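Working notes for the structure below.
4 protein chains.
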Amino acid sequence: MIGGGNDAFIGAIHRHAANMDGKIELVCGALSINKDIAIESGRSLFLPEDRIYTSFEEMLEKEAALPEDKRMDFVTIVTPNFAHFAPAMMALEKGFHVVIEKPITLSLEEAIALDQKVQETGLILCLTHTYTGYPLVKEARKMIQDGKIGKVRKVYVEYTQGWLSRLTERESAGAAWRTDPKKSGKSGVMGDIGTHAFNLAEYISGLEVTELCSSLNVVVENRALDDDGAVLLKFNSGATGVLMATQIAAGEENNLKIRIYGELGGIEWHQQEPNSLIIKWLDKPMETYRAGTGYLSDIGRQNTRTPGGHPEGYLEAFANIYRNFAATLAARIDGSSVNSDVVEFPSVREGIRGMAFIENVVKSNESTEKWVKYEI
Amino acid sequence: MIGGGNDAFIGAIHRHAANMDGKIELVCGALSINKDIAIESGRSLFLPEDRIYTSFEEMLEKEAALPEDKRMDFVTIVTPNFAHFAPAMMALEKGFHVVIEKPITLSLEEAIALDQKVQETGLILCLTHTYTGYPLVKEARKMIQDGKIGKVRKVYVEYTQGWLSRLTERESAGAAWRTDPKKSGKSGVMGDIGTHAFNLAEYISGLEVTELCSSLNVVVENRALDDDGAVLLKFNSGATGVLMATQIAAGEENNLKIRIYGELGGIEWHQQEPNSLIIKWLDKPMETYRAGTGYLSDIGRQNTRTPGGHPEGYLEAFANIYRNFAATLAARIDGSSVNSDVVEFPSVREGIRGMAFIENVVKSNESTEKWVKYEI
Amino acid sequence: MIGGGNDAFIGAIHRHAANMDGKIELVCGALSINKDIAIESGRSLFLPEDRIYTSFEEMLEKEAALPEDKRMDFVTIVTPNFAHFAPAMMALEKGFHVVIEKPITLSLEEAIALDQKVQETGLILCLTHTYTGYPLVKEARKMIQDGKIGKVRKVYVEYTQGWLSRLTERESAGAAWRTDPKKSGKSGVMGDIGTHAFNLAEYISGLEVTELCSSLNVVVENRALDDDGAVLLKFNSGATGVLMATQIAAGEENNLKIRIYGELGGIEWHQQEPNSLIIKWLDKPMETYRAGTGYLSDIGRQNTRTPGGHPEGYLEAFANIYRNFAATLAARIDGSSVNSDVVEFPSVREGIRGMAFIENVVKSNESTEKWVKYEI
Amino acid sequence: MIGGGNDAFIGAIHRHAANMDGKIELVCGALSINKDIAIESGRSLFLPEDRIYTSFEEMLEKEAALPEDKRMDFVTIVTPNFAHFAPAMMALEKGFHVVIEKPITLSLEEAIALDQKVQETGLILCLTHTYTGYPLVKEARKMIQDGKIGKVRKVYVEYTQGWLSRLTERESAGAAWRTDPKKSGKSGVMGDIGTHAFNLAEYISGLEVTELCSSLNVVVENRALDDDGAVLLKFNSGATGVLMATQIAAGEENNLKIRIYGELGGIEWHQQEPNSLIIKWLDKPMETYRAGTGYLSDIGRQNTRTPGGHPEGYLEAFANIYRNFAATLAARIDGSSVNSDVVEFPSVREGIRGMAFIENVVKSNESTEKWVKYEI
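Protein chains in written order, with our numbering: chain A, 11 to 386; chain B, 11 to 386; chain C, 11 to 386; chain D, 11 to 386.
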């Protein structure tokens with residue numbers, strides 16, 4: 011693991027997720043650029059002293075030098091956005107598979123470079139777009155693929171949070187990383203959560219955005235980057251959509267919701283109650299599909315651990331990404347194969363589309379033209 | 011009543027609503043332009059034969075000629091949109107107060123003309139924008155007025171229906187009134203339901219839209235008017251919003267929802283579960299206000315009939331408009347007064363803003379500029 | 011109307027319900043035993059002076075003496091429980107059809123006497139057990155009748171309220187009517203709301219209780235009658251059930267819920283969200299039936315006024331009872347007929363079963379034996 | 011781990027839960043009484059060959075013989091009910107701390123014997139009553155302890171499942187363990203899920219049951235043990251309650267719900283939506299407490315891993331029990347201490363009360379007396 015020291019949040023989430031199924035073991039780490047934190051963190055995670063590294067370069071060098079059966083199988087990168095690209099490139103160059111926290115990189119350019127390296131090396135890159143790990147998200151995608159709701163006409167996706175309703179001390183301090191576009195990217199709200207909404211919309215609908223019209227706002231005074239926005243969408247099939255993302259919706263927690271309507275019915279899924287998938291039909295009663303039940307399709311059933319009524323949540327969705335990645339990697343190692351329709355996870359393609367989304371939204375926001383082409 | 015014969019839908023709704031509280035009695039009607047239907051409808055409503063009229067002109071003439079204590083007190087107009095203006099003007103000219111089904115007229119121009127006549131005559135005009143009749147809608151408005159959630163930052167309002175998911179026979183018939191802008195107005199979805207969403211947003215937030223960016227779609231092939239659309243909004247206070255209205259969301263019934271976020275919290279109300287008003291707070295647990303309870307403010311309490319847990323619905327909301335109108339009219343007649351903060355109803359102002367909304371949305375839709383000024 | 015003066019609650023509810031559909035007109039009343047209130051109330055309801063009566067005896071005498079086309083068609087009795095029997099008997103004797111607020115009488119004995127008089131006279135008696143007026147309650151009954159969920163196995167019904175969580179001033183005053191079993195009946199909570207739960211369970215399930223085991227509690231100190239209780243139930247089919255009724259569930263409003271499970275699935279209905287009926291299936295996704303939709307059966311569709319998504323509530327359920335009664339009465343008057351499978355309302359049978367329920371629950375509560383036979 | 015081979019369900023759940031926080035490592039196992047399954051399971055869990063045991067006796071002997079820093083710290087017992095007692099006693103005798111899947115033993119007698127051994131040895135025994143591991147269950151308990159809803163008056167707890175709605179092949183086969191009271195215990199539904207409901211009720215309310223009146227049913231023909239039941243409860247404080255447990259509620263998944271009413275308000279929690287805790291108040295709006303938020307008390311906040319809106323579920327609740335047990339054990343090992351108000355888990359006391367509950371429910375069911383004393 012690169013990043014994820016005791017002072018970081020997302021690293022712990024990755025460890026919970028990777029641990030859960032007993033298929034992945036943390037064997038080494040460069041857990042912080044602060045040497046003391048790196049060492050202390052490694053110890054608290056029961057790492058052997060000689061595999062607690064103090065820089066990613068050191069780790070990648072030394073691990074690559076170990077005999078094949080002793081060295082790590084893959085590396086997880088959980089550093090801040092601006093520090094994804096360098097370790098990911100180096101890891102690929104040294105022959106390690108890579109898991110990266112989203113967003114994949116700081117810019118579209120970097121994402122494209124990473125893609126080329128992945129194609130060149132044939133290694134596996136997994137991008138932890140958590141929300142596509144939920145079983146009922148996968149079930150929804152399958153239903154639409156199978157034509158259950160007919161041709162898709164409308165997509166509404168929204169991601170509302172309230173935790174940036176006030177300017178925090180950290181932000182108001184001049185040097186906060188949020189104020190530095192070199193560290194945070196070109197959009198605040200769209201980079202942080204808008205990309206999740208975008209990814210979810212494309213993943214479930216099976217469509218691709220082709221044009222957009224966005225409006226971004228800095229709602230909280232003195233904030234350096236936008237904290238709110240909305241985007242009108244056009245998809246390649248002729249369907250249209252609306253994407254709303256905000257971090258100033260006081261009182262909201264992590265309210266990612268999606269609704270997709272086709273000719274025959276609509277699906278609705280709420281991340282905060284992820285074990286229900288609502289299907290509304292034109293001519294018959296609404297149905298609620300539940301996680302863990304026997305009537306789901308393969309992809310829905312195999313991405314759970316517990317039977318219906320034993321709620322799974324965010325960490326299990328996250329763990330599904332790790333579990334599917336690990337199964338894919340294990341198959342690669344032992345020369346077998348997995349059913350990639352069911353055992354799947356986001357990769358560099360999703361990373362590129364997400365980075366392009368951010369860049370196009372920013373471009374549209376700055377334009378007086380209504381519609382901007384989505385370009386990569 | 012003008013319009014509302016046995017073959018019409020909305021007339022019956024008006025009668026349910028007007029009847030409910032026992033303060034209004036139907037005394038005469040020109041219920042259809044079809045003479046037979048007019049007569050048959052009048053009889054089935056127990057009207058005396060001599061007050062069943064076969065044209066609105068006849069009715070207004072004859073009623074105006076009756077002695078003051080015998081003639082009707084006001085007229086309700088429930089004809090199709092294009093037939094609102096003429097009877098309304100004539101009624102005002104003859105000295106009758108008027109209730110009109112929404113939208114107030116076919117065009118903004120007509121609405122403005124009606125406004126001038128209302129001001130000139132001093133008569134009361136009530137526009138039945140039903141959804142503002144709900145007690146918890148009124149409570150929400152009051153909470154925002156009182157600053158409970160702080161300065162408003164964001165408004166999301168949506169109105170999704172699915173009943174136009176298919177082209178109906180009536181529509182596909184060449185001559186259907188929907189295909190004729192002279193009868194239906196300039197926008198399908200925005201005229202029919204978008205205006206409700208707009209009205210609700212302005213009513214609860216207390217703000218006014220100043221700029222907008224819209225996109226309208228004809229989703230169902232061969233439909234003559236738009237059946238889907240979305241609008242980005244800017245308000246006079248600096249707040250922003252998104253309005254979504256669609257009639258092709260297969261499986262949706264009459265799903266009008268609004269969320270408004272301020273600095274301290276957000277309110278959320280769903281028309282399909284109208285007896286709950288959700289308040290999410292930045293730093294404390296979410297609250298659910300319930301209709302009919304003692305902790306509501308005056309306006310919330312006085313616009314119900316039943317105690318908490320005895321659900322009131324659409325007809326009661328509609329009846330609140332009639333009840334408040336009737337109380338205001340009764341006070342006018344006997345020279346007393348009502349507390350117009352509590353006993354209130356939509357009027358010609360809301361009609362004008364709604365007509366201007368439609369016209370500006372259509373204008374924006376046709377423009378390649380992102381933002382269009384909301385102009386009256 | 012007998013009872014229901016300006017100082018009473020339930021009379022107004024009856025008038026809202028009776029007014030709503032424009033088929034019933036209030037023509038006379040003995041609205042209070044207090045002469046001043048009777049007169050003032052009659053005037054405020056726009057009754058003609060000569061039909062404002064000051065006792066039910068006077069009203070029934072004088073109305074019976076009017077020519078047939080001038081006198082009232084039926085009488086509604088909305089007095090307190092102990093004052094139901096006498097006016098109902100007299101009305102029947104005078105040849106008037108009767109609507110009675112529930113509970114039908116003060117004792118089972120009286121209910122049986124009323125039944126005999128109804129059978130003797132052939133007149134119509136309608137008991138306003140409101141909750142069976144909801145369209146989705148009727149739909150649920152129909153589904154079970156049609157065997158959709160298979161043979162019924164389990165019934166859970168509960169009615170929780172919180173408004174008696176504190177001893178009110180009125181109660182603590184020595185003379186309050188609640189302390190006087192002659193006025194209030196033998197059980198507080200079971201008489202007031204337990205009977206509704208019981209009625210709903212038998213109505214929807216189509217079963218009859220045959221044995222029961224009850225426990226009643228006086229939770230609030232110094233209260234004269236029980237305010238809480240639970241009953242284990244056995245039904246004639248072999249199914250079992252649990253009935254919970256309480257008025258000391260602080261924070262609850264009017265929370266009547268029922269769940270009935272059969273071999274294939276279960277139905278669930280909540281009075282506070284009456285426009286949804288949940289069907290859970292053994293092997294397929296849960297369904298939500300919605301009021302006002304086209305896929306409902308005749309009885310479900312014909313007991314609404316508005317399309318799906320336009321919520322109807324308590325008053326509409328109440329109005330369905332009046333509307334079905336009025337249609338039945340109108341058919342009787344003009345010699346036609348109605349489809350009594352669809353146009354139905356509770357009558358004296360339900361009254362008798364409810365009174366017997368109260369008496370048997372009280373008997374069981376006083377017994378140390380576990381099971382008591384339900385006897386009439 | 012004893013039990014939990016590849017052919018078992020609950021063992022995997024325990025491993026997910028124990029793995030999640032990275033504080034517990036599986037080091038050895040006697041995973042099945044079938045030698046082949048034991049070995050294969052051990053390998054698939056990456057255990058070293060020499061610590062894959064084929065009987066619990068072998069494992070406990072050999073691990074006890076290892077040097078202190080090499081041997082396992084505790085043992086988890088996930089065998090069927092009838093095989094809990096022997097390994098637990100032996101483990102305690104050999105000096106190992108113990109985690110046991112619920113129910114603790116097959117009989118109350120065994121539970122008491124285990125208690126004596128725990129007291130004698132001073133070792134830690136943790137009983138995995140999962141549902142008390144949920145953060146909002148802990149928060150609810152804390153609120154009631156702190157008097158927030160006043161003195162408790164009423165407890166409703168229910169646990170409905172539908173998966174036993176049909177007789178399964180396994181059951182209908184004569185030799186199935188369910189038909190053998192020596193293996194399954196004295197009650198089907200109460201042993202399996204009724205004890206969870208009972209445990210939850212006592213845990214949250216802080217009260218103890220003192221008398222009960224039960225009725226158990228065998229609903230599905232030819233089933234050997236009861237699959238449905240209900241119990242009226244009296245608590246030591248004078249409060250009363252109702253407990254419903256069924257496994258024939260077709261369409262229900264794992265629907266454990268509890269409602270507790272006090273003088274001032276009521277709490278409501280649903281296991282299937284575990285991240286919300288509803289508080290209804292007598293005189294003010296209902297509140298919804300959410301997991302992961304800052305306004306919770308210490309115990310609520312410290313038993314989560316993720317911020318509000320990132321749902322945690324059944325496995326996290328389970329993991330909380332392991333995490334709290336592990337923290338307590340680690341403190342014991344290194345001589346420090348934990349705040350046992352916050353870092354707590356069910357133990358042998360809960361096991362004894364649960365076993366006594368089953369025995370008293372069965373006794374009451376067989377009695378014609380209404381009330382039976384709850385006796386240990």
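Note that the Cβ used here is the ideal one computed from N, Cα and C, for glycine as well. Predicted model only: the values in this text are computed from it and were never measured.
Query - Unbroken beta strand (DSSP E) run spanning residue 366 of chain A, endpoints - result: Residue 366 of chain A -> not in any beta strand (DSSP E); alpha helix (DSSP H) instead, spanning 358-376.
Query raised in the report: Nearest-angstrom Cα distance between residue 167 of chain C and residue 240 of chain D?
Result: 13 Å
Requested in this report: Look at residue 222 of chain B and residue 370 of chain B and say whether their C-beta atoms are less than 9 Å apart.
Outcome: yes
Query - DSSP beta-bridge partners of residue 275 of chain A - result: A/291
Query raised in the report: So, is the C-beta of residue 148 of chain C closer than 9 Å to a C-beta in chain A?
Result: no
Query - C-beta neighbour in chain D for residue 298 of chain C, strict 9 Å - result: no
Query raised in the report: Looking at the structure shown, is residue 52 of chain C part of a helix, part of a strand, or coil, going by DSSP?
Result: helix
Query raised in the report: Do the region 355-375 of chain B and the region 60-72 of chain B touch if we need at least three Cβ pairs shorter than 8 Å?
Result: no
Query raised in the report: Is there at least one Cβ from chain D nearer than 9 Å to residue 185 of chain C's Cβ?
Result: Residue placement at residue 185 of chain C is poorly supported in this model, since its pLDDT is 42, which falls under 50; the coordinates are not used for a value here.
Requested in this report: Identify whether residue 196 of chain B lies in helix, strand or coil by the three-state DSSP scheme.
Outcome: coil
Report task. Show which residues of chain D have a CB atom less than 8 Å away from the CB atom of residue 293 of chain B. Result -> 304 and 305
Query raised in the report: What's the C-alpha gap between residue 265 of chain A and residue 171 of chain A?
Result: 6 Å
Query raised in the report: Under 9 Å Cβ-Cβ, which residues of chain B neighbour residue 271 of chain A?
Result: 170, 172, 175, 256, 258, 259, 260, 261 and 262
**Report entry** Any C-beta of chain B under 9 Å from that of residue 140 of chain A
**Finding:** no
Query raised in the report: Which residues, taken in chain order from the region 307-325 of chain C, show a beta carbon closer than 9 Å to some beta carbon of chain B?
Result: 315, 316, 317, 318, 319, 320, 321, 322, 323, 324 and 325
Report task. Pick out whichever of D/258, D/301, D/274 and D/115 has its Cα sitting closest to the Cα of residue 193 of chain D. Result -> D/115
Report task. Can you say whether residue 161 of chain B is buried or exposed, counting buried as having 16 or more other CB atoms within 10 angstroms of its CB? Result -> exposed
Query raised in the report: Got a sec: is the Cβ-Cβ distance from residue 289 of chain A to anything in chain G below 9 Å?
Result: Among the chains of the structure shown, chain G does not appear; the protein chains present are A, B, C and D.
Report task. Tell me whether residue 348 of chain A sits in a helix, a strand or coil according to DSSP, three-state version. Result -> coil
Query - Closest by C-alpha distance to residue 29 of chain B, when choosing among B/107, B/349, B/325 and B/341 - result: B/325
Query raised in the report: From the beta carbon of residue 31 of chain A, is the nearest beta carbon of chain D less than 9 Å away?
Result: yes
**Report entry** Option nearest residue 375 of chain A by Cα separation, candidates A/165, A/304 and A/227
**Finding:** A/227
Query - C-beta contact flag for residue 309 of chain C and residue 176 of chain C at 9 Å - result: no
Query - Inside the region 196-237 of chain A only - beta strand (DSSP E) runs reaching at least 3 residues - result: 219-227
Requested in this report: Please go through the region 11-80 of chain D and give each complete alpha helix (DSSP H) segment of 4 or more residues, from N-terminal end onward.
Outcome: 20-29, 45-54 and 66-75
Query raised in the report: Quick one: what's residue 168 of chain C bridged to in DSSP?
Result: C/254 and C/267
Query - Alpha-carbon to alpha-carbon, residue 74 of chain B and residue 423 of chain C - result: What the structure shows of chain C is the stretch from 11 to 386, and residue 423 of chain C is not part of that stretch, so it cannot be assessed.
**Report entry** residue 297 of chain C, enclosing beta strand (DSSP E) - first and last residue
**Finding:** 296-300
Requested in this report: With DSSP collapsed to three states, give me the class of residue 131 of chain A.
Outcome: helix
**Report entry** Cβ-based neighbour list, residue 141 of chain B, same chain, cut-off 7 Å, excluding 5 preceding and 5 following
**Finding:** 147, 206, 210, 266, 281 and 327
Query raised in the report: Using a beta-carbon distance cut-off of less than 8 Å, what residues from the region 77-90 of chain B approach chain A?
Result: none
Report task. Report all residues from its chain with a CB closer than 6 Å to the CB of residue 18 of chain A; omit the five preceding and five following residues, and keep chain order. Result -> none
Report task. For residue 349 of chain C, count neighbouring Cβ atoms within 10 angstroms of its own Cβ and tell me buried if that reaches 16, exposed if not. Result -> exposed
Report task. Give the straight-line distance between the Cα atoms of residue 359 of chain D and residue 298 of chain D, rounded to the nearest whole angstrom. Result -> 31 Å
Query - Beta-bridge pairing of residue 86 of chain C - partner residues as DSSP gives them - result: C/109
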